[in-house]
Every structure is written in structure tokens, then in C-alpha cells.
Amino acid sequence: MPRSSLADLTLADLEALLARWGCNPANAVRIMRSFYRCRELPGSLPKGLAERLERELPGGSTSLAQRRVSADGTVKLLLRLADGRAVESVLMPDYRADRAAGCLSSQVGCALGCGFCATGRSGFERDLTAGEMVEQYRALRRQAAALGRRVQTAVFMGMGEPLLNLEAVLAAIRRLTEPSLDVLGCRQIMVSTAGIVPGIHALFDSGLPVKLAVSLHAPDDETRARLLPPARRYPLLDILAAAGRFQARNRRTVTVQYCLLKGVNDSPEHARRLAALLRGRQMHVNLLRYSSTGAPYEASDDAAQERFLAELAARGVVAHARRQRGADIDAACGQLRARP
Ligand code: SF4
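When you number the sequence shown by the working numbering, it's gap-free, plus one each residue, and the end is 323.
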């Protein structure tokens, strides 16, 4: 994909470009800070530089195709890419009035085909570039700014499996966490995986101290294989071993995502088995409420969720039920894109 925007460049790339143009590379930091803050280029740049940047790096690799706002404040964007494809990004307001979390996509579609996921059912189209992920961050930052908030955290939990597009995801993270730009720190970024074991090890090898979430959704391999096809390749114990290694080095608790599905994985016995699986691992369970995607699943009711939480708590597992966000605006990943 041709470079069309500052989002496609690292700070070092821009410094080298400015040097080639005969400009002082020290201007690169000011240019990139303005870019990541979604502001105009500084007026004090050397004569003609702003015009040349706009001419040679005009941007426009993404444009806003649709925006939906939930009654709970969640903002869901459909961003059109330069090749006409579309991805979703979501802004979730924090309980603190000045903060929000951004959810970024890493691929157009997804090859993993999880049965309960609208993105999975739509198939895989292509990987996103690092620049397209940076542009999602900027689109969310603009939305947040309009609400008087800043994007405090970013999660790679949108469309796609980030560990199957790891090189670009790592490049995006490095750009967003460039220290001299003061955008985000690694601790403010979470990468969420459906359990791609080699990818978890590769993320470990990157040395980036980001947070990690693993989607288990079942306490045994058989149930899991029905929900997440990659489970057939990566057994739960291997996923937890890889995640545990990551946790031990990063000293940040790994989050276990578990979407409660009525009659599938939400019984007290499932909870007891999940607790046994997590014994001694000090991971944190996030119970997710299923948003209907047209798949033959139903969300568990409140009573089942409470029983599940109680079983985990009784066995010393820290768990929380995450509030459902954006239920009125097709909250689940891939739903907005799937709409005609
Ligand atoms: S849940 Fe995640 S990994 Fe599974 S199909 Fe959907 S986007 Fe892909």
C-alpha cells in the first residue's frame, strides 16, 4: 500500500524524509505531535514545508462512513478505507468524565470464524496496515475531543485477530507509544487474542510491555472448539501457559475474556471448571454479555451471571461482569459493517 499519510510513517521515517528535503529533522517531532493531536500543522514550520507535507502526504487513507451513538455514550464508527473496504472502531466513555477507551480493529474481517461473531461470519478480506490502525486512533481521538474526553486507553479488540497481523499491530503500537510524542504508553494498550499461542510468544518476544487479554469463553477444549475454531489447534493449557509467561515478565495481570452464552458455557459447573483451570495463575476474568449477532446463541440472564460470578469468587478468582456497551447501536464487533 502506498504511503499516503503521516500515519504511515514513524517519527524516524519523517526525520529522514525532512533531511532528504533539506529541512531540519528536528521539525518532525512538532509535526507528528500536531498530527497525533489532530491539530493543524504548526504555523512556525519553515516556509513551504506545510504545503509540501500536504502535497506529498495528503492523508485520507480512511474516511468516516457512519457514526452511531448509543444512549450509554458509546460511539461506534464505520471507517471507509482507501480501497473501499470498511472497518469499525469504537469509543467507550469512561466513568471519569474526561476519559474514554478506544477499540481498534486490526483486520478487515477475520479468518477465525468464531460462530458467535458477526465479523467471523463475514470472512477475512485483508490485514490492516499500521497506518490504518493509527488513523482509527485519530478518528476516535477526534470523537473523544468533541465530548471533552481524551483517549486514555486503546484495545486491539475490534475486527480481526491482532496476533495474526502482528507485524502491523506492533508497528502501530510503536508509533502510538513513541515517547517524544506523548500519545499513549504501552501500559495503556491492550492486545486481545482468541488464543493464538505462537502469536502470544511473538508478542512476548517483541518486548513491548502492553497488556494482554485472552478470550477463553469455555473452561474445556471441547466446548471451546465449538465456539472458537482456533481452539482445535491451541489447547487451553497451552494458551494459559503462554499467557502466564507473558504475565510473569510484564507484571501485568492477564485478562481472561469469557462471554456468557445461555445453556452453552454459563452453568455453575462451567464456572467451577474455569476456576480450576485458573487456579494459581492470578488472572482476572472479565465476563462479557453477548450481544446478539444473528447467531444461534442467547445471552445468559442476570441470575446465571450472578451464579457464575459467585462460583468464581468462592474459589478465589477475581472476576467482574463488564457492562454491556452500545447495545442499541449494534455493539458487537462486525455488526455495523454487516448492515446493508
Ligand atoms: S471473535 Fe474475534 S477472533 Fe473470533 S471471529 Fe470475531 S473478530 Fe475474529
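Heads up, the beta-carbon is just placed ideally off N, CA and C, and yes, glycines get one too.
On a predicted model such as this, the values are computed, not experimentally measured, just so you know.
May I ask which residues mark the beginning and end of the alpha helix (DSSP H) holding residue 179? Position 196 of the sequence shown, counted from the start, is the residue given in the question as residue 179. Premise fails: residue 179 is in no alpha helix (DSSP H) and is neither H nor E.
For a cutoff of 8 Å on Cβ pairs, would you count residue 275 as touching chain C?
Absent from the structure is chain C; it holds one protein chain and no more.
Could you tell me whether any non-hydrogen atom of the ligand SF4 is closer than 7 Å to the CB of residue 102?
On the sequence shown, position 119 is the one that residue 102 refers to. Within the cutoff, so yes.
Enumerate, from N- to C-terminal direction, the unbroken alpha helix (DSSP H) stretches of 4 or more residues contained entirely within the stretch 236 to 298.
Every unbroken stretch of the alpha helix (DSSP H) spanning 4 or more residues and falling wholly within the stretch 236 to 298 is given here in chain order: 251 to 261 and 285 to 297.
Terminal residues of the continuous beta strand (DSSP E) containing residue 133?
-> In the sequence shown, the residue the question calls residue 133 occupies position 150. From DSSP, the beta strand (DSSP E) with residue 133 extends over 133 to 139.
| message | Can you tell me whether residue 21 is buried or exposed? The criterion is at least 16 other CB atoms within 10 Å of its CB, across all chains shown. | response | Locating residue 21 in the sequence shown gives position 38, where the first residue counts as 1. Exposed: under 16 other Cβ atoms inside 10 Å.
Ordered along the chain, which non-local residues of its own chain (more than five positions away) have a Cβ less than 7 Å from that of residue 77? Residue numbering aside, residue 77 sits at position 94 when the sequence shown is read from its first letter. Non-local beta-carbon contacts of residue 77 in its own chain, meaning distances under 7 Å to residues more than five positions away in sequence, involve 83, 84 and 135 in chain order.
Look at the alpha carbon of residue 162 and the alpha carbon of residue 153, and state the distance between them as a whole number of angstroms.
Within the sequence shown, numbered from 1, the residue matching residue 162 stands at position 179. Within the sequence shown, numbered from 1, the residue matching residue 153 stands at position 170. In this structure, the CA atom of residue 162 is about 15 Å from the CA atom of residue 153.
Cβ-heavy atom distance, residue 252 to the ligand SF4, below 7 Å
The residue you call residue 252 lines up with position 269 of the sequence shown. Result no, Cβ not under 7 Å from the ligand SF4.
What would DSSP say about residue 116, mapped onto helix, strand or coil?
In the sequence shown, residue 116 corresponds to position 133, counting from 1. Residue 116 falls in the helix class under three-state DSSP.
Contact belief for residue 141 with residue 73 at Cβ below 8 Å, rounded distance in angstroms:
Within the sequence shown, the letter at position 158 stands for residue 141. Within the sequence shown, the letter at position 90 stands for residue 73. Taking 8 Å as the upper bound for CB-CB distance, residue 141 and residue 73 are in contact here, some 7 Å apart.
| task | Buried or exposed for residue 303, please, with buried defined as at least 16 other CB atoms from any protein chain shown within 10 angstroms of its CB. | result | Locating residue 303 in the sequence shown gives position 320, where the first residue counts as 1. Using a 10 angstroms sphere on the CB of residue 303, the tally of other CB atoms stays under 16, which defines it as exposed.
Worksheet item: Say the cut is 7 Å; is the CB of residue -2 nearer than that to a heavy atom of the ligand SF4?
Response: The residue you call residue -2 lines up with position 15 of the sequence shown. Using a cutoff of 7 Å, the CB of residue -2 does not count as near the ligand SF4, since none of the ligand's heavy atoms is closer than that.
| query | In angstroms, rounded to a whole number, what distance separates the CA positions of residue 323 and residue 63? | reply | Counting from 1 along the sequence shown, the entry for residue 323 is found at position 340. Counting from 1 along the sequence shown, the entry for residue 63 is found at position 80. Because residue 323 sits at a pLDDT of 45, beneath the cut-off of 50, its placement in the model cannot be relied upon, and the following sentence gives the value as read from the coordinates. Near 15 Å, if we compare the C-alpha coordinates of residue 63 and residue 323.
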